[in-house]
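In what follows, a structure is listed as structure tokens, so that the remarks can point back to it.
2 protein chains.
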Amino acid sequence: MPDIYDLIVIGAGPVGENVADYAHQRGLSVAIVERELVGGECSYWACIPSKAMLLPGLTLESARRVQGAAQAVTGDLDVAAVLKRRDSFVQNWDDSGQVEWLDGAGISLVRGHGRITGVRTVSVTAGDGSVTELTATHAVAVSTGSAALLPDIPGLSDVDPWTSREATEAKSAPESLAILGGGVVGAEMATAYTSFGTKVTLLARSGLLGGMEPFAGELVAGQLEKSGAVLELGVSPRSVSRGDAGVSIELENGRTVVAAELLVATGRTPRTDDLGLASVGLTDGDWLEVDDTLLVRGATNDDSPWLYAVGDVNHRALLTHQGKYQARAAGEVIAARARSRAVDDGPWGLHVASADTAAVPQVTFTDPEVASVGLTEKAARAAGRRVRAVEYDLGSVSGAALQADGYSGRAKLVVDEDRQVLLGATFVGQDVSELLHSATIAVVGEVSLRRLWHAVPSYPTISEIWLRLLETYGRPSE
Amino acid sequence: MPDIYDLIVIGAGPVGENVADYAHQRGLSVAIVERELVGGECSYWACIPSKAMLLPGLTLESARRVQGAAQAVTGDLDVAAVLKRRDSFVQNWDDSGQVEWLDGAGISLVRGHGRITGVRTVSVTAGDGSVTELTATHAVAVSTGSAALLPDIPGLSDVDPWTSREATEAKSAPESLAILGGGVVGAEMATAYTSFGTKVTLLARSGLLGGMEPFAGELVAGQLEKSGAVLELGVSPRSVSRGDAGVSIELENGRTVVAAELLVATGRTPRTDDLGLASVGLTDGDWLEVDDTLLVRGATNDDSPWLYAVGDVNHRALLTHQGKYQARAAGEVIAARARSRAVDDGPWGLHVASADTAAVPQVTFTDPEVASVGLTEKAARAAGRRVRAVEYDLGSVSGAALQADGYSGRAKLVVDEDRQVLLGATFVGQDVSELLHSATIAVVGEVSLRRLWHAVPSYPTISEIWLRLLETYGRPSE
Chain D
804 MPDIYDLIVI
814 GAGPVGENVA
824 DYAHQRGLSV
834 AIVERELVGG
844 ECSYWACIPS
854 KAMLLPGLTL
864 ESARRVQGAA
874 QAVTGDLDVA
884 AVLKRRDSFV
894 QNWDDSGQVE
904 WLDGAGISLV
914 RGHGRITGVR
924 TVSVTAGDGS
934 VTELTATHAV
944 AVSTGSAALL
954 PDIPGLSDVD
964 PWTSREATEA
974 KSAPESLAIL
984 GGGVVGAEMA
994 TAYTSFGTKV
1004 TLLARSGLLG
1014 GMEPFAGELV
1024 AGQLEKSGAV
1034 LELGVSPRSV
1044 SRGDAGVSIE
1054 LENGRTVVAA
1064 ELLVATGRTP
1074 RTDDLGLASV
1084 GLTDGDWLEV
1094 DDTLLVRGAT
1104 NDDSPWLYAV
1114 GDVNHRALLT
1124 HQGKYQARAA
1134 GEVIAARARS
1144 RAVDDGPWGL
1154 HVASADTAAV
1164 PQVTFTDPEV
1174 ASVGLTEKAA
1184 RAAGRRVRAV
1194 EYDLGSVSGA
1204 ALQADGYSGR
1214 AKLVVDEDRQ
1224 VLLGATFVGQ
1234 DVSELLHSAT
1244 IAVVGEVSLR
1254 RLWHAVPSYP
1264 TISEIWLRLL
1274 ETYGRPSE
Chain V
804 MPDIYDLIVI
814 GAGPVGENVA
824 DYAHQRGLSV
834 AIVERELVGG
844 ECSYWACIPS
854 KAMLLPGLTL
864 ESARRVQGAA
874 QAVTGDLDVA
884 AVLKRRDSFV
894 QNWDDSGQVE
904 WLDGAGISLV
914 RGHGRITGVR
924 TVSVTAGDGS
934 VTELTATHAV
944 AVSTGSAALL
954 PDIPGLSDVD
964 PWTSREATEA
974 KSAPESLAIL
984 GGGVVGAEMA
994 TAYTSFGTKV
1004 TLLARSGLLG
1014 GMEPFAGELV
1024 AGQLEKSGAV
1034 LELGVSPRSV
1044 SRGDAGVSIE
1054 LENGRTVVAA
1064 ELLVATGRTP
1074 RTDDLGLASV
1084 GLTDGDWLEV
1094 DDTLLVRGAT
1104 NDDSPWLYAV
1114 GDVNHRALLT
1124 HQGKYQARAA
1134 GEVIAARARS
1144 RAVDDGPWGL
1154 HVASADTAAV
1164 PQVTFTDPEV
1174 ASVGLTEKAA
1184 RAAGRRVRAV
1194 EYDLGSVSGA
1204 ALQADGYSGR
1214 AKLVVDEDRQ
1224 VLLGATFVGQ
1234 DVSELLHSAT
1244 IAVVGEVSLR
1254 RLWHAVPSYP
1264 TISEIWLRLL
1274 ETYGRPSE
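For the record, the sequence lines run as chains D and V. Going by the working numbering, the first residue of the first sequence is number 804, and it counts up by one from there. Going by the working numbering, the first residue of the second sequence is number 804, and it counts up by one from there.
Take a look at the structure:
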């Protein structure tokens, strides 16, 4: 006899937990399947440990940048203490607190590897080999996330490279670390390990933080080099091997980089390779394409929709917070459809993830921090929008100058000229991470530029950059 | 022969400078009158030096609150270095940089004490006694600001008390400091001087930071005491006197507080006592009441309006940024009326300071920081609004916990139940100052709660408090 639930969620990361919770709060019975730790990648091997590893170094550097405070900082970062603090934030990789939360929320946990076996059926194989058959009366939601993608480089699999997992769970800092990839993971881990005193060499095919406004990667690269990291940009590895000295990365330009460890951070791959997708007309290993209500396109169906993909696995926006946002919509819409209630799937409705295309926020905890939301100027133009962008030097804002001696940063707004609203914003500088949500609300709220003139930034904060950007754009004359 | 300008601005603080600049940019000729330093109170004796005095201590404390970073902080704040840094931010009280800016902007500076002598006429008496008569073809704007109010306490004028000026220009930290007043100035200076090692005793009639949400003053008071300050709340001074031990403050409860210096921070008084107001039907020493276009009510007039009051002096919102906001509207509307262009004076129009009543932001740089905008719950209820308020513990947000060990803080949203928009928000905690502008945009933009669910806070930032507050309020079900 199979266990029957209204909804089966595969993957108990923050995204799966939220799908389950929101649906359950609307009255559905829910089982959630997890083969590793409840709490998922973010809690144990991504956002939480990475910020825990970055923050002490960033905070110390902030103090060093203020005369009067700087004199009190006479020692170095205590790396063992940083890692011990990191361990406490990841609960020493023990998920009992998260399991307790599931229990309290009334969600049934089924431990093991879940595989879809047909429309609304899931088979879960536990560690001991026992199998539980689950049937959903309404829906199955896949939120298995993504894993580090290992590129096809000769020798790579033989050198036991680090991925984001090993980088965030390291028990000590290696003497040297080569990082392959200039995206968010590469840039953040270069920042963290450099603060630990590790000799970091970052190798990337192009510049840092591609896809963001160009000055973001430039400012981060500049500071990394100032802090002692070596950046090899515009390079590609030809092969890798491990010897007594550590890992050797032979580059296509003929040079060789040697480091104690190699972190590969070149992208992500969906965790869908052993999920039983073929049983419902989909392809194992593929990203799951969804509509705005997170419903998977192309799955074998009966009269009513049943398969959802939420979070990284749908490839809309590979960020925990955005996955959780999708999860709220998905939990709600699954419940609404199960109860035959009206579905609010117009733009910005209750049951859609409209922000996925218009307003994805992201903070990279590098030095300087990079905070962005919505479209870059380039992306907006590529989308055919009539845009005008304005930039301003953050260091010349009083609040920033007060915050750190020699403050260096830059900000940009991308304006939709037809509608006179913001399409995107980017802030790069120390302590800009909390400033981002102002732009997120402006973009999502479609607040007009005219009205934004009335949103007064408090003086002297870094937020005064808003006034400078509006002045740079020009005040309407009538 | 009097000098003739389209607009005469009395007072060259940031507010006067902005009135002048915005009007001049729209084509008016402008003279600005200043009897002290161009740049005004904010630049030399308020926001700038106070934040410069606070920031190093706050930054150092932040580093001490993060295990790993804390170990590197072995010394104390270098007070001499803090004050030297402060000196550089106030340009050593030299206004030549500001004068240069006025020159570059094409605004004529007339140094001396300006007095209104009749409709559109101003007489300026320079330090050497010479008098310049100015005539405005269109308008006179008063932006003389406010000064510290010395309460009527027996003996006070004989003890040479500090006001915010002496507190922000001090060349060294006294051994002990009594502070009279629990408002923003009192709380900030208690924080700064406590960080300098001064033994601070703060005396206030009621709690700290009255007018804000109650938890703001409570959290700041708690931390001040933890840092070693003595708080005497609910007390009133009966008399003061100065002896060999310093200033003695005899309280009405019979106790006596003795300190090397006494800072009086009990309120502000308008700088209108010697402004010639009586010549145009107004009362010397009064605050100047204005309409939403900053036009003074009740002044002797001819056919067209001419007298404006902008900034502290109109008593709408005694904050530099809010005065500058008014200044932008005033500069524009003066120019529009001078050129007989349409005046956009509806709510949130180009020519009004609508935010003065709906959305005044304020950050108090105490530990924890207090950031608020719009109405408190109490004020909203007093205004007859149908409101619901939600609160949440900031320390239980991941981004905050990562930011500081033992993070303590609280946040609150005040919701207009009829319109489902925010009327106000308050954030109290370390590093919340840049978070405020998100709420300011939400209030000013009148962004609906439904839409705010789509404004995703980046994880893990302190901004995630937005999600927690929305969840506490409850998600709409259809």
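Yeah, the Cβ is synthetic: ideal placement off N, Cα and C, and Gly gets one too.
- Not a single C-beta of chain D is nearer than 7 Å to the C-beta of residue 1150 of chain V.
- One thing to note: residue 1227 of chain V has its Cβ within 7 Å of the Cβ of residue 1217 of chain V.
- Each of V:1022, V:1189, V:1242, V:1078 was checked against the Cα of residue 917 of chain V, and the nearest Cα belongs to V:1078.
- Contacts with chain D at 7 Å (Cβ-Cβ) do not include residue 966 of chain V.
- The CB of residue 1064 of chain V never comes closer than 7 Å to any CB in chain D; the least such distance is about 21 Å.
- With a cut-off of 8 Å on Cβ pairs, the stretch 834-854 of chain V is in contact with the stretch 809-824 of chain V, counting three or more such pairs.
- Across the stretch 1232-1245 of chain V, CB contacts with chain D closer than 8 Å involve 1234, 1235, 1236, 1237, 1238, 1239, 1240, 1241, 1243, 1244, 1245, in sequence order along the chain.
- By a beta-carbon distance limit of 8 Å, residue 1137 of chain V does not contact residue 827 of chain V. Their separation comes to about 10 Å.
- Of the candidates D:1211, D:1269, D:1281, D:980, the residue whose Cα lies closest to the Cα of residue 1021 of chain D is D:1211.
- For the 7 Å CB-CB criterion, residue 1003 of chain V and residue 927 of chain V do not form a contact.
- Within the DSSP secondary-structure output, residue 1190 of chain D pairs in a beta bridge with D:1219.
- Interface criterion not met: the Cβ of residue 1175 of chain V is under 7 Å from no Cβ in chain D.
- Residue 941 of chain V: not part of any alpha helix (DSSP H); member of the beta strand (DSSP E) spanning 934-945, first to last residue.
- Listed along the chain, the chain V residues whose CB falls inside 7 Å of the CB of residue 888 of chain D are 870, 871.
- Under a criterion of Cβ atoms nearer than 7 Å, the residues of chain D adjacent to residue 854 of chain V are, in order, 1205, 1263.
- Not one beta carbon of chain D lies nearer than 7 Å to the beta carbon of residue 996 of chain V.
- The beta carbon of residue 978 of chain D sits closer than 8 Å to those of 1001, 1002, 1063, all from its chain and outside the five residues before and after it, given in chain order.
- The beta carbons of residue 881 of chain V and residue 874 of chain D sit about 4 Å from each other, so the pair counts as a contact at 8 Å.
- Only residues of its own chain outside the window of five on either side were considered, and among them 1006, 1035, 1038, 1039, 1040, 1041, 1060 have a CB closer than 8 Å to the CB of residue 1054 of chain V, listed in chain order.
- Nearest to residue 857 of chain V by C-alpha distance, out of V:971, V:1193, V:949, V:1019, is V:971.
- In this structure, residue 1169 of chain D places its C-beta atom within 7 Å of the C-beta atom of residue 991 of chain D.
- For residue 1157 of chain V, the closest Cβ of chain D is nearer than 7 Å.
- Here residue 1029 of chain V carries a helix assignment [DSSP, helix/strand/coil].
- Residue contact with chain V for residue 1213 of chain D: absent (no Cβ-Cβ distance below 7 Å to any residue of chain V).
- Every alpha helix (DSSP H) stretch that sits fully inside the stretch 1089-1157 of chain V and reaches 4 residues is listed by chain position as 1123-1141.
- Think of a sphere of 8 Å around the beta carbon of residue 1039 of chain V: no beta carbon from chain D falls inside it, the nearest being about 31 Å out.
- In this structure, the CA atom of residue 883 of chain V is about 34 Å from the CA atom of residue 1213 of chain V.
- Note: residue 1165 of chain D is bridge-paired with D:1175 in the DSSP secondary-structure output.
- Taking 7 Å as the cut-off between beta carbons, the residues of the stretch 1108-1141 of chain V near chain D are 1123, 1124, 1125, 1128, in sequence order.
- For residue 980 of chain V, the enclosing beta strand (DSSP E) covers residues 979-983.
- Secondary structure at residue 1073 of chain D: strand, using DSSP grouped into helix, strand and coil.
- In this structure, residue 852 of chain V sits away from residue 829 of chain V, with a CB-CB distance that is not shorter than 7 Å.
- Pairing residue 1201 of chain D with residue 1142 of chain D, the inter-Cα distance amounts to about 55 Å.
- Bridge partners of residue 1160 of chain V according to DSSP: none are assigned.
- For residue 901 of chain V, no Cβ of chain D is located within less than 7 Å of the residue's own Cβ.
- Distances from the alpha-carbon of residue 1117 of chain V to those of V:1104, V:1133, V:1105 put V:1133 closest.
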